[in-house]
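Below is one structure, written out as structure tokens; comments come after it.
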Amino acid sequence: MEFNTIAELFQNTIKKHPNKELYYYKKGSNWSSINGKTISYTVKDISMSILSQNLLKGDRVGIIAKNSPKWALSDYGIICSGCATVSIYPTLIPSQIEYIINDSELQILFLENEEQLDKINQIWKSCKTLKLVVMMNDSFELESEKVVKFSTFLDFGLSLSNDDPGKFQSTVDLISENDLLTLIYTSGTTGNPKGVMLTHGNLASNIKAIMRAQKFSDNEVFLSFLPLSHVFERMCGHFSAFCIGAKTYYAESIDTVAENMKETKPTVLISVPRLYEKIYSKIITGVQSAPALRRKIFYWSLKNGRKLSLMRYNNLKPGFLLKVKYAIAKKLVFDKAKSRFGGRIKYFISGGAPLSKELAEFFYSLNLLILEGYGLTETSPIISSNTPYDYRFGTVGKPLDNVLVEIANDGEILVKGPSIMAGYYKKEEITKKAINKDGWFHTGDIGEIDSDGFLKITDRKKSLIITSGGKNVAPAPLENAILNSIYAEQCMAVGDKKNFISCLIVPNFDALNDYLGSKNIEISDKNAMVEHPAVIELFDGIVEDSMESFSNYEKVKKYKLLKNLWTLEKGEITPSLKVVRRKVSENHKDLIESIYLD
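For the sequence shown, my numbering gives the first residue as 1, with consecutive numbering after it.
See the structure below:
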């Protein structure tokens, strides 16, 4: 693990594993692979082709594509050329892409397909610095001076390589840890996104700390499906996986993840809480519709799984009888649950949003461990993480060994260390507000550290609701409590400057259909569904039960059910699926006001 730049990380791995199949992708019905040697040649060709276009160290090159080996190869090619990668979500609309291209002064752009090219063609006249587009699908035929396919682009650097055979290595050798590695635009909840400048040293320090904490081996198998545009997947499932020489399979799409898990048999799975919530919902829905005997076996197994997992969690030894019961439960239920993920999963890693303690405990009872971590784009990203050797549910683990964490007087989490960003691109004043003169980065999150050093996140500082009575209420715990129900898909608490807390809930209509079907109620119209007395009665119970552990001033007193999911297109969620509270409040202003008029 001797590296100070990501270019060095890349070269270390291909030297150690030239013949190992490192990247896998689905071709037809079979998985094809790419070994270290082929990866090395392709990355060199990409780098030389970029340099042939007269780009200099630190110049920006973008990628708009879903996860694939070509995404990874393009990223390493950009990095080894000394340029900086601008990772752009493929779900963004043209105006959002236009802002990023112009703000970053991007010169070359790798695109997945014609759908993305159509977006670029709409805005290209306004993008003065963009001079070349590289189509990653080689079936593309409409090449021009400014738009070429991937294979054509790889030939651009041939003459440069022939004229100067040592050019690639000398370029890599000149890259330092203080050089810009990537510009990542945080979606934000207000205004235009900010370009977070992360250096080679930022990411390298974070990767090395994660390696020390998690103790991965080169036998690991990863399945990549979270967007590589997001720093969480890029650091964990891309850089870290490659660093250890692990195999990485690229899922065909988000819709095929369940099928791909069974095919690829990952040992570690990286995801956001939403996936685990959906898996939980599917398990519970399946159990509820199962014959009585199967339901009885499941809940008996779950009860004994909880007993043994609780003892294991507290480092206690279970008795002989419990061991026998657990062995039966494992064979009847737990092994079958594990087989859904391919059968080799050692643990899950969760990040990007809060994971409910109850959800983690449920999976643990099924002999499936979810390790929650915490970080931000500005911190490269990992600040803290639970590990297989030291974990506590309801927390985001202990800070990494090279990261300092303090809790400010107002409860805000402050972070310091080598992984803190270089700043926001072209935004010096905002950078000064985020990082104080002593080097402490203000996360904007509220949290606490327990007596054993585990960090717990309460909420976003800006999300705190201040009621008309002056009470500060953190909405996330309330929302997570409601979202523990399989019948709730999205939830947002409101009540700022009001005399009580209320919330908006978008039901999980698939689960709701099953529930109504069990009561012989047939409704297809969502408007009618959210107004049906049986549904209102169900959610009255869900909200009441989920609020039991909260103080009276925190409890959700009223709610409204919505018929449509909050979407990226309406600006109500970010590309990483975080709810944009301001936008949801704006879009449902009249509905929220009606709650307080009733």
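Heads up, the beta-carbon is just placed ideally off N, CA and C, and yes, glycines get one too.
Through-space distance from W566 to V584, alpha-carbon basis: In the sequence shown, residue 584 corresponds to position 584, counting from 1. In the sequence shown, residue 566 corresponds to position 566, counting from 1. When rounded, the distance between both Cα atoms is 8 Å.
Where S546 sits in the DSSP three-state scheme: In the sequence shown, the residue the question calls residue 546 occupies position 546. It is helical.
Looking only at its own chain, which residues have a Cβ that is under 7 Å from the Cβ of I6, when we skip the five neighbours before and after it? In the sequence shown, residue 6 corresponds to position 6, counting from 1. Within the same chain, I6 has close Cβ partners I79, L181, H200, L203, A204, F239.
Own chain partners of T189 with C-beta closer than 7 Å, once the 5 adjacent residues on each side are dropped: In the sequence shown, the residue the question calls residue 189 occupies position 189. The predicted position of T189 is uncertain, since its pLDDT is 49 and thus under 50; a value taken from the coordinates is nonetheless stated next. Hits under 7 Å: V580, R581, R582.
Can you tell which of V43, K146, S224, K194 has the C-alpha that lies nearest to the C-alpha of S68? For the purposes of this step, residue 68 is taken as residue 68 along the sequence shown, with counting starting at 1. When only C-alpha atoms are compared, the closest one is S224.
Closer than 7 Å by C-beta to N508: which residues in its own chain qualify, once you throw out the five before and the five after it? Chain order, please. By 1-based counting over the sequence shown, the position of residue 508 is 508. S281, I486, Y487, A488, E489, listed in sequence order.
Starting from F298 and walking both ways along the alpha helix (DSSP H), at which residues does that stretch end? One-based indexing of the sequence shown puts residue 298 at position 298. That run of the alpha helix (DSSP H) goes 292 to 313.
May I have the straight-line CA-CA distance separating V61 from I108, to the nearest angstrom? Locating residue 61 in the sequence shown gives position 61, where the first residue counts as 1. Locating residue 108 in the sequence shown gives position 108, where the first residue counts as 1. The straight-line gap from Cα to Cα measures roughly 5 Å.
Out of L226, L293, N137, which one is the CA nearest neighbour of R274? As a first step, residue 274 must be located in the sequence shown, where it is residue number 274. Looking at the Cα atoms, L226 is the closest of the given residues.
Count the other CB atoms within 10 Å of the CB of F341; is the residue buried (16 or more) or exposed (fewer)? Position 341 of the sequence shown holds residue 341. Looking at its Cβ environment, which holds 16 or more other Cβ atoms inside 10 Å, F341 is buried.
Is the region 518 to 525 in contact with the region 452 to 471, if contact means three or more CB pairs nearer than 8 Å? no
By the three-class DSSP mapping on this structure, what secondary structure does A327 have? In the sequence shown, counting from the first residue as 1, residue 327 sits at position 327. A327: helix per DSSP, three-state reduction.
Ends of the beta strand (DSSP E) at A528? Here residue 528 refers to the residue found at position 528 of the sequence shown. Where A528 is concerned, there is no enclosing beta strand (DSSP E), although the alpha helix (DSSP H) it sits in stretches over 526 to 531.
Return the first residue and the last residue of the alpha helix (DSSP H) that T152 is part of. The count along the sequence shown starts at 1 and reaches residue 152 at position 152. T152 -> alpha helix (DSSP H) spans 150 to 154.
Determine the DSSP secondary structure at E633, reduced to helix, strand or coil. In the structure as shown, the chain starts at 1 and stops at 598, and residue 633 therefore has no counterpart that could be examined.
What would DSSP say about D609, mapped onto helix, strand or coil? Given that the chain is displayed from residue 1 to residue 598, the structure contains no residue 609 and the question cannot be resolved.
Top-ranked residue by Cα proximity to G439, from E406, E548, E448, K427: In the sequence shown, the residue the question calls residue 439 occupies position 439. Cα-wise, what sits closest to G439 is E406.
Between the CA atoms of T379 and K416 - distance to the nearest angstrom: Taking the first residue of the sequence shown as position 1, residue 416 is located at position 416. Taking the first residue of the sequence shown as position 1, residue 379 is located at position 379. Approximately 9 Å, taken between the alpha carbons.
Those residues which DSSP pairs with K442 across a bridge: Here residue 442 is taken as the residue at index 442 of the sequence shown, counted from 1. Per the sequence shown, the amino acid found at residue 442 is His instead of Lys. According to DSSP, H442 bridges with L414.
Going by DSSP, name the residue or residues bridged to G195. Numbered from its first residue, the sequence shown carries residue 195 at position 195. Y185.
So M261 is in the alpha helix (DSSP H); what residue range does that whole segment cover? Within the sequence shown, residue 261 is the residue found at index 261, counting from 1. It spans 257 to 264 - the alpha helix (DSSP H) in which M261 sits, taken as one unbroken run.
Nearest CA to the CA of E251: which residue from G245, C243, E233, I244? Taking the first residue of the sequence shown as 1, we reach residue 251 at position 251. First, the residue type needs correcting, since residue 251 is Ala and not Glu in the sequence shown. Nearest of G245, C243, E233, I244 to A251, Cα basis: E233.
Measure the CB-CB distance between S350 and I382 and report whether it falls below 8 Å. In the sequence shown, the residue the question calls residue 350 occupies position 350. In the sequence shown, the residue the question calls residue 382 occupies position 382. Going by C-beta atoms, S350 is not nearer than 8 Å to I382.
Using the rule of at least 16 other Cβ atoms within 10 Å of the residue's Cβ for burial, across every protein chain shown, is S144 buried or exposed? Position 144 of the sequence shown, counted from the start, is the residue given in the question as residue 144. It counts as exposed.
According to DSSP, is N35 part of a helix, a strand, or is it coil? As a first step, residue 35 is located in the sequence shown; it is residue number 35 there, counting from the start. Here N35 sits in strand by DSSP.
Could you check the C-alpha separation between Y299 and L198 for me, to the nearest Å? To locate residue 299, count along the sequence shown from 1; it is residue 299. To locate residue 198, count along the sequence shown from 1; it is residue 198. Rounded to whole angstroms, Y299 to L198 spans 48 Å at the Cα level.
How close, in whole Å, do the beta carbons of I613 and K461 come, if the pair is a contact with beta carbons under 8 Å? Given a span of 1 to 598 for the chain in the structure shown, any question on residue 613 remains unanswerable.
Considering only their Cβ atoms, is the gap separating T171 from S47 smaller than 8 Å? To locate residue 47, count along the sequence shown from 1; it is residue 47. To locate residue 171, count along the sequence shown from 1; it is residue 171. Cβ distance < 8 Å, so S47 and T171 count as in contact.
Could you spell out where the alpha helix (DSSP H) holding K558 opens and where it closes? Taking the first residue of the sequence shown as position 1, residue 558 is located at position 558. Per DSSP, K558 belongs to no alpha helix (DSSP H); it is in the beta strand (DSSP E), 556 to 561.
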